[in-house]
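*Asks:*
In this note's numbering, the protein residues as written are 3 to 337.
In structure tokens, the structure reads:
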């Protein structure tokens with residue numbers, strides 16, 4: 003309204019300025035006819051007011067992906083064989099309590115493993131034993147980067163404390179606990195060996211790339227396990243190495259068949275043992291240093307609870323050749 007009024011006043015002022023000189027040149031000019039007067043006094047239509055330019059909408063920044071904090075239990079039931087000619091049949095019940103607290107782009111996490119296992123010698127005379135052991139406690143910190151929308155880059159550093167019981171060079175009780183730890187590591191496909199290696203402290207860096215959009219989730223990660231001897235002993239049968247190194251490369255893919263309620267997926271990882279923590283002095287058989295494992299999964303959601311079931315299927319190596327199998331049942335609560 004203000005712009006339109008100003009333009010009308012401007013047009014009237016221009017008409018007055020043009021009429022002024024004509025009146026001065028002929029002050030006694032006869033009056034114009036009535037018709038002409040009407041035409042001359044007709045109001046001048048104001049020029050159309052141009053529409054104001056629309057302001058460009060500010061460019062929307064990619065939404066930052068925010069994962070909630072969570073706590074849960076990861077249970078793995080494994081069964082199979084370990085070792086060569088003196089192989090042990092085992093059934094392992096491995097519980098992994100854990101959780102993380104998310105603070106913006108940082109998360110602090112804790113994991114605590116507890117394992118109960120029953121072992122039985124294959125060669126006669128058979129000897130069946132059951133034992134429960136605590137694993138190594140893990141403290142982790144993770145930074146999350148979001149370079150573009152739907153993409154997340156987690157960078158994690160974990161410290162593994164030497165709280166696990168057992169020692170292959172110790173007395174009979176410690177050797178039993180050592181076997182329990184080995185069954186737990188085997189049942190989990192050697193993906194988390196650092197949690198089940200007694201008398202060793204660990205540093206575990208991990209980097210990953212995760213993509214999630216419209217129900218599709220893809221991921222890849224790489225981690226290294228550096229284990230340092232912390233009280234491990236030597237004996238006539240085994241030698242404890244000062245440093246052990248292993249690399250684990252994993253990929254995963256999942257899709258939500260029912261939005262926010264049901265998803266199916268597949269995980270796979272490859273483990274390569276660069277330097278072993280213990281060296282046998284009596285066995286000349288070299289065990290495979292490479293292990294591949296596949297895990298199809300089904301996950302759901304009931305409010306803040308996320309249940310999951312998976313089946314661990316080793317491909318060859320120390321686990322696949324003796325026919326090791328495992329089932330994972332996991333439940334997490336988001337908050």
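Using N, Cα and C, we set each Cβ at its ideal position, and we do this for glycine too.
#1: Residues in the same chain with beta-carbon distance under 8 angstroms from residue 234, minus the five sequence neighbours each way, listed in chain order, please.
#2: Identify the residues that DSSP records as bridge partners of residue 252: which are they?
#3: With 16 as the cutoff for other CB atoms within 10 Å, does residue 193 come out buried or exposed?
#4: Only counting the same chain, and skipping five residues up and downstream in sequence, which positions put a Cβ closer than 8 angstroms to that of residue 321?
#5: Are the Cβ atoms of residue 100 and residue 90 separated by less than 9 angstroms?
#6: May I have the straight-line CA-CA distance separating residue 146 from residue 97, to the nearest angstrom?
#7: What's the call for residue 160, buried or exposed, on a 16-neighbour Cβ count within 10 Å?
#8: Can you check which of these residues, 139, 92, 266 and 313, is closest to residue 129 by C-alpha distance?
#9: Indicate, with yes or no, if the ligand MG has a heavy atom lying under 8 angstroms from the CB of residue 259.
#10: Using only alpha-carbon positions, find the residue among 313, 276 and 250 that is nearest to residue 266.
#11: Can you tell me which of 196, 141, 118 and 133 puts its alpha carbon nearest to the alpha carbon of residue 103?
#12: My guess is that residue 251 and residue 224 are in contact by the Cβ rule of under 8 angstroms, so how many angstroms apart are they, rounded?
#13: Any idea what DSSP makes of residue 335, helix, strand or coil?
#14: Going by CA-CA distance only, name the one from 302, 136 and 246 that's closest to residue 230.
#15: Going by beta carbon distance, what residues of the same chain come within less than 8 angstroms of residue 304, once the five residues before and after it are set aside?
#16: Looking only at C-alpha atoms, which of 70, 106 and 164 sits nearest to residue 228?
*Replies:* This is what the structure holds:
#1: Cβ neighbours of residue 234 beyond the five flanking positions: 169, 171, 200, 201, 202, 242, 279 and 280.
#2: DSSP lists 223 and 271 as partners of residue 252.
#3: Taking every protein chain shown into account, the CB of residue 193 has 16 or more other CB atoms within 10 angstroms, so this residue is buried.
#4: Close CB contacts of residue 321 within its chain, under the 8 angstroms cut and outside five residues either way in sequence, are with 82, 188, 191, 192, 293 and 295 (chain order).
#5: The Cβ atoms of residue 100 and residue 90 lie no closer than 9 angstroms to each other.
#6: Straight-line spacing of the CA atoms in residue 146 and residue 97 works out to 27 angstroms.
#7: Label assigned to residue 160: buried.
#8: The shortest Cα separation from residue 129 among 139, 92, 266 and 313 belongs to 92.
#9: No copy of the ligand MG occurs in the structure displayed, which carries no ligand at all.
#10: Among 313, 276 and 250, the Cα nearest to that of residue 266 belongs to 313.
#11: The shortest C-alpha separation from residue 103 is found at 141.
#12: The pair is a contact, with the Cβ atoms about 5 angstroms apart (cut-off 8 angstroms).
#13: Judged by DSSP in its simplified three-state form, residue 335 adopts strand.
#14: That would be 246, whose Cα lies nearest to the Cα of residue 230.
#15: None.
#16: For residue 228, the closest of 70, 106 and 164 by C-alpha to C-alpha distance is 164.
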